[in-house]
Amino acid sequence: ATDPVAVIALLKDLGTLPDLGVLMEGESVMNDAASIVMYELCITILLREEDEGGSFLPQIIRLTMGGPLLGVAFFIVCNWLLTRLKNP
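FYI, our numbering numbers position 84 of the sequence shown as 1170, with every residue one higher than the one before it.
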């Protein structure tokens, strides 16, 4: 695995555009989030009881849709607050 902090520092030393560093940070966050989701799904599959009768589909939906929906909600609230602070 590559350390994103080292890569971003190298990009700054090379004088690349700051947008490239932002893309690297975003990619790193997405990789971390994907790892957490996969871990949670594996734990759910491995530890589920046979007599539960349910599937792990609700868990998949919660993990894959919950984060993006929470992010969009947080964005809307922050955007609303920032527009109120800029234009009182």
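For glycine and all other residues, C-beta sits at the position ideal for the given N, C-alpha and C.
Host alpha helix (DSSP H) of residue i (start-end)
i: Thr-1102; result: Segment: none, Thr-1102 is in no alpha helix (DSSP H) and carries neither H nor E.
i: Phe-1161; result: 1143-1172
Option in the options with minimal Cα separation from residue i
i: Met-1124; options: Leu-1149, Val-1108 and Val-1158; result: Leu-1149
i: Glu-1111; options: Leu-1167, Ala-1095 and Gly-1101; result: Ala-1095
i: Ala-1119; options: Leu-1171, Val-1163 and Gly-1152; result: Gly-1152
Residue i to residue j span [Cα, whole Å]
i: Val-1093; j: Val-1158; result: 29 Å
i: Leu-1109; j: Cys-1128; result: 29 Å
i: Ile-1147; j: Leu-1156; result: 13 Å
As assigned by DSSP and simplified to three states, the class of residue i
i: Asp-1089; result: coil
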